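Residue numbers (the numbering used here), protein chains in the order written: chain B, 1220 to 1351; chain L, 6 to 138. What follows is one structure encoded as structure tokens, with my remarks underneath.
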């Protein structure tokens, strides 16, 4: 387990090591993987923007509630960005080895988290909960 | 991924090879993008546009940070916005570097600079967001 984690971490910082194993896939598959990576990065960036916006624009909220929502969004963004790199490396490696692409529970976690945050913000804004 | 496109690569040469059947290409009179066409899916161009979207999304957050800096005038907010702008410039450089990598016939996957550079600039933006709280 620890070997696997350190091995994956090393791949993050030197993805050229990927070339040591397997065969080079069609470059178009690598480019598609790259676009998926960038889409996840944009998801992360959107969460950052959401965090800043919540803090700036939901001024009707108490400081505590506002900051909590913002921090949760920023933490989610960090998780999303780190996971984007990890998923890119794993997909690239799977393609080189001719294995199945890695399945992941992350999308459902992110969807659930985003939905929960949205419901929270709606409750707070519409119902005026946690107002000043 | 490519919607049932044929698995062969694009035309081997440029120029006279333009006559080969390529269903996804535009009309011949359209200006051709500066990277030579390689396959019917114009994958390198789509990938470059994905980079462009990413840098633009990043700019939105930097703009938000700049708005806070202008509105609040606090030293922290100004420093955060400046940090965000610097990180955005770094991301632009990373994207530009990738663009050169995409402009060859069979682009290699991203290298460490691009992967870690992108991750680092996003993490810096998260720090910027934290500074603005």
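Backbone N, C-alpha and C fix where the C-beta goes; we use that ideal spot for every residue, glycine too. As the structure is a computational prediction, the values presented were derived from the model and not from experiment.
In whole angstroms, give me the CA-to-CA distance for residue 107 of chain L and residue 1285 of chain B.
42 Å
Out of curiosity, what's the CA-to-CA distance linking residue 1262 of chain B and residue 111 of chain L?
28 Å
In terms of residues, what are the limits of the alpha helix (DSSP H) holding residue 1247 of chain B?
1246–1276
Are there 16 or more other CB atoms within 10 angstroms of the CB of residue 96 of chain L, so buried, or fewer, so exposed?
buried
What span of residues does the alpha helix (DSSP H) with residue 101 of chain L cover, start to end?
80–107
Note down, in chain order, all residues in the segment 1283–1310 of chain B with a beta-carbon under 9 Å from any beta-carbon belonging to chain L.
1285, 1286, 1289, 1290, 1292, 1293, 1294, 1296, 1297, 1299, 1300, 1301, 1303, 1304, 1307 and 1308
So, with DSSP's three-state summary, where would you put residue 1228 of chain B?
helix
Considering residue 1286 of chain B, what are the terminal residues of the alpha helix (DSSP H) in which it resides?
1282–1316
Starting from the Cα of residue 116 of chain L, find the closest Cα among B:1221, B:1229 and B:1268 and give me that residue.
B:1229
Which residues in the same chain as residue 133 of chain L place their Cβ atom closer than 6 Å to its Cβ, once the five residues preceding and following it in sequence are excluded?
70, 85, 88 and 89
Under a CB-based cut-off of 8 Å, is residue 1319 of chain B close to chain L?
Chain L has no Cβ within less than 8 Å of the Cβ of residue 1319 of chain B.
Could you round the C-beta distance between residue 1336 of chain B and residue 1293 of chain B to whole angstroms and report it? I think they count as a contact, below 8 Å.
Wrong, their Cβ atoms sit about 12 Å apart, outside the cutoff.
Give a yes or no on whether 8 Å exceeds the smallest Cβ distance from residue 1253 of chain B to chain L.
yes
Tell me the DSSP secondary structure of residue 140 of chain L in three-state form.
This structure leaves residue 140 of chain L out entirely; chain L is present only between 6 and 138.
Using a Cβ-Cβ cut-off of 8 Å, state whether residue 1232 of chain B counts as contacting chain L.
For residue 1232 of chain B, the nearest CB of chain L lies under 8 Å from its own CB, placing it at the interface with that chain.
Measuring CB to CB, does residue 1252 of chain B end up less than 8 Å from residue 1310 of chain B?
yes
By the DSSP assignment, the alpha helix (DSSP H) with residue 1347 of chain B in it spans what residues?
Here residue 1347 of chain B belongs to no alpha helix (DSSP H), and DSSP marks it neither H nor E.
Quick one: list the residues of chain B neighbouring residue 95 of chain L, beta-carbon separation under 9 Å, in chain order.
What residue 95 of chain L touches in chain B: nothing, since even the nearest Cβ is about 14 Å away.
Applying the 10 Å Cβ sphere with the 16-neighbour rule, what's the burial state of residue 1341 of chain B?
exposed
Could one say the Cβ of residue 1351 of chain B lies closer than 8 Å to chain L's Cβ atoms, at least one of them?
Any answer about residue 1351 of chain B is weak, because its pLDDT of 49 lies below 50 and its placement is not dependable; what the coordinates show is given next. For residue 1351 of chain B, the answer is no, since every Cβ of chain L falls outside 8 Å of its Cβ.
State the Cα-Cα distance for the pair residue 27 of chain L and residue 50 of chain L, rounded to the nearest angstrom.
For residue 27 of chain L, the predicted structure reports a pLDDT of 44, less than 50, and the residue's modelled location is therefore unreliable. The matter cannot be settled from this model.
Between which two residues does the alpha helix (DSSP H) containing residue 66 of chain L stretch?
48–77
What residues in its chain sit with their C-beta under 8 Å from that of residue 1249 of chain B, if we drop five residues either side in the sequence?
Cβ-Cβ distances below 8 Å link residue 1249 of chain B to 1311 and 1314 in the same chain, with the five nearest sequence neighbours on each side left out; the list follows chain order.
With a threshold of 6 Å on Cβ separation, who are the neighbours of residue 129 of chain L within its own chain once the five nearest residues in sequence on each side are excluded?
Excluding sequence neighbours, residue 129 of chain L sits near 92.
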